[in-house]
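Next up, the structure:
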């Protein structure tokens, strides 16, 4: 017998309601919960976003960028939040933000596209899965909380799965004709000059919208748009928002500042736009991997491993706190002598946050979202 | 080799949809040198120097009036409401001269029956670059190309150089209008009045003439040469703009925007440049230096290299450079002789189309290929080229746009071209057939792969976009 998706969900709820998993409440349909996944494509520098200014090796390793977070909110004795994240700092003060540091997916190489594929697919190797962790999560949610939408021209891997997901791309975002792009890729395939140029152009195009532009207002616009799509009674309940531009190999100070300001305004606009619904919203901000501990020769940082993930929302399990099994930044403490060593899996951070938010069994969430883990 | 395509694109600006067959490529090009019209119809109706200068004067007076009014007692509501509009109009008069000139430049390039000389106009305007990012220059840049460059591209290099240097756009862009002889009658008078801030020398124009326009960078001239040359140039300024300390010395009958020589601003005495002494001769002193620089062997080599690069490769063949430089010297810088030599030389014809079209070249050649106007009536031409990465007359530096493959072959730029081609193709739809257009436009450069890709396009519009984004069409 083939069960319809709805009946699978029902059976899941029945189990929970029957008390087999005591302590997990029935997800009340009256105040449907909302989830927003903000992906930071390009490897956001966790060491500048939530800077371990209290680590003795920090200043020496970061040299010219050591004061990048000067003036930012002191989160505790060890960590300082980037000063562009003012709204986020306010959320943290109000126990509505949590930072998980030194986290990474199971991916240990340094290619953006493989890394993003792992972050979204949730598999144990790149291109190991054709569906994504959000897509699989949807199968666990009641119908009222399952309407999903991505602000993107096509459904991103993270949201793919058995549940139908909508996409919405405002006309302001660059939209190229995918078919023409594919045909030109074939036409340029043997051209030594055009092939690499085109390859890079297409990838950049895929790396989503420019939230840092227009003094952060692009981020605010995106947040406002996302909120307006989630607020109505029949609006989306699960949303994915794409952000690009985190690959700060050079001139990181100004670029990251613009990026984080855009992200901060995105979050602020989301909170404002959702109004009271913010209290039942969980926002997860994550990137495919982090950046090198050391600053490179062009005022930037190169591809690394562990980074920071953010959890934002009205009812976090551990709002106003940082969780980190801090490995330290001394050369001997690093991964391969260069990267922040991951001490916790990003997958487990996401699964735990989602389980808490929807009051689902953590083990079940983990095995559904990350079946290969 | 793709001789037809090279003639039309490397030398010309792309085949027009209604061009007759090129036939003998070299004869087609040399004929254009004789047929060249320095004042094509597309450019008539553009404002002259006086009107442009007047726009600046009005703009400034208006701004000053606004400041005064703002400082005085509050005005009536009606007066207050009028002010910003007045300012807006006057500001846009300057801007409009620029916008009109860019649209006319594009129209001329699309319509021209002599695309080879038209390309040379663009080449020389870029060699003697002024850049519209300087506010005082914006209004004048179109006039500069049309009045200083166009009339002189077929003559002697010296006359082209002098016309470029003496145009208000250049004098304003490289600060010559504010350069005064330190011991000029005027500066001495100011100093004697006890004013320690006496007006002085500005070397900008002198340096760039040596470094960019004539000898070339690090070509053996010294700081002393620059200073002496700058002193010789003093006195040369622009009338009617009401700027600078020397305005009261302007001849009363000078038209606004005219280039004038004001003797009391000129540094007295002889000057020595590159080992040669130039006696005091007023305006004639700088001109004598310019004429010598224009036929200097190092200048010959510099110009020969740039011309050869534009028609062959980033690193032009030494034999071609040598030949052009020798022709330049022998003829005293006869430019049409050099163009004929280029056409007759084997080098520009022996390579495949490997040069990468600039955004300007690419767009012009696309628009020439289409019978149906591809741009809307209200298309802002200046904005379009800014978006494509090559703002018209705004290279941002007196060196002009670099003329190499890597300058324009970038990934973002490529995507922008594809997007524009796509937009234009959408506008054209099935009113043009890329399968028929391809053999005409790509001629003997059309490869089977591109022909097939166009034939297999899923719509007529997509076929058009593929044609203009094809590897062949992106190159020249």
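Residue numbers (our numbering), protein chains in the order written: chain A, 5 to 377; chain B, 3 to 478. All residues carry an ideal CB built from backbone N, CA and C; glycine is no exception.
Counted within 10 angstroms of its Cβ, other Cβ atoms place residue i as buried (16 or more) or exposed
i	result
residue 186(B)	buried
residue 473(B)	buried
residue 8(B)	buried
residue 376(A)	exposed
residue 215(A)	buried
residue 38(B)	buried
residue 33(A)	Residue placement at residue 33(A) is poorly supported in this model, since its pLDDT is 41, which falls under 50; the coordinates are not used for a value here.
residue 11(A)	The predicted position of residue 11(A) is uncertain, since its pLDDT is 27 and thus under 50; no value can be drawn from it.
residue 187(A)	buried
residue 196(A)	exposed
residue 250(B)	exposed
residue 36(B)	exposed
residue 232(A)	exposed
residue 197(B)	exposed
residue 368(B)	buried
residue 374(B)	exposed
residue 348(B)	exposed
residue 314(B)	buried
residue 224(B)	exposed
residue 169(A)	buried
residue 464(B)	buried
residue 242(A)	buried
residue 318(B)	buried
residue 467(B)	buried
residue 238(A)	exposed
residue 41(B)	exposed
residue 525(B)	Since the first residue shown for chain B is 3 and the last is 478, residue 525(B) is missing from the structure and cannot be characterised.
Residue i: contacting residues in chain A (beta-carbon distance under 7 Å)
i	result
residue 439(B)	Those within 7 Å of residue 439(B) in chain A number zero; the least Cβ separation is about 16 Å.
residue 447(B)	The premise fails here: residue 447(B) is roughly 13 Å from chain A at the closest Cβ pair, so nothing lies under 7 Å.
Neighbouring residues, chain B, relative to residue i (Cβ below 8 Å)
i	result
residue 183(A)	460 and 464
beta-carbon residue i near the ligand FMN non-hydrogen atom, thresh 7 Å
i	result
residue 165(A)	As presented, the structure is devoid of all ligands, the ligand FMN included, so that no description of it is given.
Proximal residues of chain B, C-beta to C-beta of residue i below 9 Å
i	result
residue 202(A)	413, 416, 417 and 420
residue 45(A)	Within chain B, no residue comes near residue 45(A); the closest Cβ sits about 17 Å away, beyond 9 Å.
residue 198(A)	411, 416, 473 and 476
Under 7 Å from the C-beta of residue i: neighbouring residues of chain B
i	result
residue 205(A)	413, 414, 416 and 417
residue 187(A)	455 and 468
residue 195(A)	473
Partner residues on chain A for residue i, Cβ-Cβ distance less than 8 Å
i	result
residue 472(B)	191
residue 452(B)	191
Cβ distance (whole Å) where residue i is taken to contact residue j below 8 Å
i	j	result
residue 422(B)	residue 440(B)	Contact doesn't hold; Cβ gap of about 19 Å is too wide.
residue 411(B)	residue 475(B)	Actually they do not touch by this definition, with Cβ atoms about 14 Å apart.
residue 4(B)	residue 45(B)	That pair is no contact at about 32 Å.
residue 310(A)	residue 344(A)	4 Å
residue 267(B)	residue 301(B)	Contact doesn't hold; Cβ gap of about 28 Å is too wide.
residue 162(B)	residue 340(B)	Contact doesn't hold; Cβ gap of about 12 Å is too wide.
residue 160(B)	residue 139(B)	The Cβ separation is near 24 Å, so there is no contact.
residue 351(A)	residue 126(A)	6 Å
residue 145(A)	residue 362(A)	7 Å
residue 310(B)	residue 323(B)	5 Å
residue 107(A)	residue 245(A)	No, residue 107(A) and residue 245(A) are not in contact; Cβ-Cβ is about 20 Å, not under 8 Å.
residue 129(B)	residue 308(B)	7 Å
Exercise. With a cut-off of 8 Å, do at least 3 Cβ pairs link the segment 386-403 of chain B to the segment 429-439 of chain B?
Worked result: no
Problem set entry | Contact set between the segment 336-356 of chain A and chain B, restricted to residues whose Cβ is under 7 Å from the partner | none
Exercise. Should the segment 327-340 of chain B be called in touch with the segment 294-303 of chain B, which here means at least 3 C-beta pairs below 8 Å?
Worked result: yes
Exercise. Okay, do the segment 220-227 of chain A and the segment 43-59 of chain A touch, 3+ Cβ pairs below 8 Å being the bar?
Worked result: no
Problem set entry | Residues from the segment 375-386 of chain B in contact with chain A, defined by Cβ distance under 9 Å | none
Problem set entry | Touch test, the segment 201-220 of chain B against the segment 142-149 of chain B, Cβ-Cβ under 8 Å, three pairs minimum | no
Exercise. Just checking, does the segment 16-33 of chain B make contact with the segment 97-108 of chain B on the three C-beta pairs under 8 Å criterion?
Worked result: no
For this session: Decide if the segment 321-333 of chain A is in contact with the segment 270-284 of chain A; the criterion is three or more beta carbon pairs, one per stretch, under 8 Å apart.
Result: no
For this session: Evaluate contact between the segment 256-272 of chain A and the segment 58-67 of chain A, counting only Cβ atoms and requiring at least three cross-stretch pairs below 8 Å.
Result: no
For this session: Flag this pair as touching only if the segment 281-295 of chain A and the segment 72-90 of chain A have three or more C-beta atom pairs under 8 Å; answer yes or no.
Result: no
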